[in-house]
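Below: the structure, in structure tokens.
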Amino acid sequence: MSILAAVMPAPRVPVELREFAEPALEPGSVLLRTLYSEVCGTDVHVWHGRLSGVPYPIIPGHVSVGVADQVRGDVRGVDGTRVAEGDRLVFFDVHRTCGRCRACTVTRTPTRCAARRVYGITDPAAEGLFGGWSEAIYLEPGVAIATLPDSVPPETYISGGCGLITAVHAIDRAAIVLGDTVLVQGTGAVGLSVIALARLAGATRVIAFGAPADRLALAAAMGADTVVDIERTPPPERMQIVHDLTGGAGVDVAVEAAGSARAVEEALDLIRDGGRYVIAGHYTDAGPSAINVHQQINRKHLEIRGCWGSEVGHFVRALRLLERHHATIPWRAIGARTYQLSELNQALADAEAMRLPKALVAPH
Ligand SMILES: [Zn+2]
Ligand SMILES: [Zn+2]
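748 is the number that this note's numbering gives to position 185 of the sequence shown; each next residue is one higher, with no gaps.
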């Protein structure tokens, strides 16, 4: 039996379908029949060749959901329960984090572990089915697996997707307290989930800067109190809006989820003295920002935090959030359209042109 997968041969080269042999399963592994994967902003960056360390050709698709088709031996989910064939499973895309290096043990920054690999991004297709744009995914021993909560539709999980998991991490870094006013820059998949989670974390006002119009409508549906179209509202007007909404003080916390060097310059003028700024959207190098550290950081006593990747705990807590809130927070609406494996070049073009917040992939 062969397995069909969509392979990205190299940057800027069309994705093509290839057949793979069914893998020999090691003890402790699972062969997942893919229900859904996704096309996210990172996939577009990978296609553009803008992410370092990508071992092309790859099978893209880093966050996915499926059904356990074959389970070899005693495989346990992160909560300790035994995984059985037929279970609806999700898994944490980051694997092989070593647990022994300086990043893992001394500085406690495991998302910077050099051994770390990511399904769909840093796993070569030559090594097998390590991506979600495929009829099946090989979950090697040691991958963090969880059963999808019964009440959560797989379409909802994948529509939240990597953006939701990243947003959980960003909200941790933002350390929002009850009553905060939060600015979210960017209304892509990460920004949309940050909006919803900022509300859950206690923010009493969320301001979203973004575009285009359909994403702003989603931003409002996700819980933003004020949405500002950055294509129609120039920076001085945006500053005036924040000024008026905060009594001239500026926001308590801002979260950058736009991937723009200009966004960073702007936010530093919109955060109050002693406030906090989390930068989560610069997954690729968007170039330098021009800032005045005296006026914008030092004198303001500002705290700036980066947010790189995510850890198993963010993935597990994202599942809890979906289980509790999926009926009231419209994550499902983020996954606007579903593509077949044969349609992925169109999906990448649509994602690149920002014609939809997130493209879903249904390999079967
Ligand atoms: Zn992603
Ligand atoms: Zn390590």
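From the three backbone atoms N, C-alpha and C, an ideal C-beta is built for every residue, glycine too.
Nearest neighbour of Val-634 by Cα position, chosen from Arg-651, His-845, His-625 and Pro-618, turns out to be Arg-651. Counting of Cβ neighbours within 10 angstroms places Cys-725 among the buried residues, the total reaching 16 or more. For the set Val-646, Phe-693 and Ile-721, the Cα lying nearest the Cα of Val-924 is the one of Ile-721.
Apart from sequence neighbours up to five positions away, the residues of its chain that approach Val-681 with a beta-carbon distance below 6 Å are His-625, Asp-656 and Val-657, ordered along the chain. Burial is judged here by how many other beta carbons sit within 10 angstroms of a residue's own beta carbon; Gly-837 has fewer than 16 and is exposed. DSSP, read as helix, strand or coil, puts Leu-595 in strand.
DSSP, reduced to helix, strand and coil, places Gly-726 within a helical segment of the structure shown. When the Cα atoms are used, Val-757 and Met-564 turn out to be separated by approximately 42 Å. Within the stretch 793-879, the complete beta strand (DSSP E) runs of at least 3 residues fall at 814-819, 834-842 and 866-869. The Cβ neighbour count for Gln-858, taken over all protein chains shown within 10 Å, is under 16; the residue is labelled exposed. Annotation: Gly-876 to Asp-735 spans about 11 Å, alpha carbon to alpha carbon.
For Ile-758, the enclosing alpha helix (DSSP H) begins and ends at 752-763. Straight across, the Cα-Cα distance linking Pro-712 with Arg-887 is about 10 Å. With 16 or more other CB atoms across the displayed protein chains lying within 10 angstroms of its CB, Pro-623 is buried. Around the beta carbon of Arg-645, a 10 Å sphere encloses fewer than 16 other beta carbons of the protein chains shown; the residue is thus reported as exposed. DSSP, reduced to helix, strand and coil, places Val-630 within a strand of the structure shown. Per DSSP, reduced to three states, the secondary structure at His-732 is helical. Residue burial annotation: Thr-670 is exposed, with fewer than 16 other C-beta atoms found within 10 angstroms of its C-beta. Selection Arg-801, Val-805, Ala-812 and Ala-849 evaluated against Ala-820 yields Ala-849 as nearest (Cα-Cα). Rounded to the nearest whole angstrom, the CA to CA distance from Leu-831 to Leu-865 is 8 Å. Under the 8 Å Cβ criterion, the stretch 685-702 counts as touching the stretch 568-584, having at least three qualifying pairs.
Annotation: the continuous alpha helix (DSSP H) that includes Glu-915 extends over 907-915. With a threshold of 7 Å, the Cβ atom of Gly-705 does not count as near ligand 2, since no heavy atom of the ligand is closer than that.
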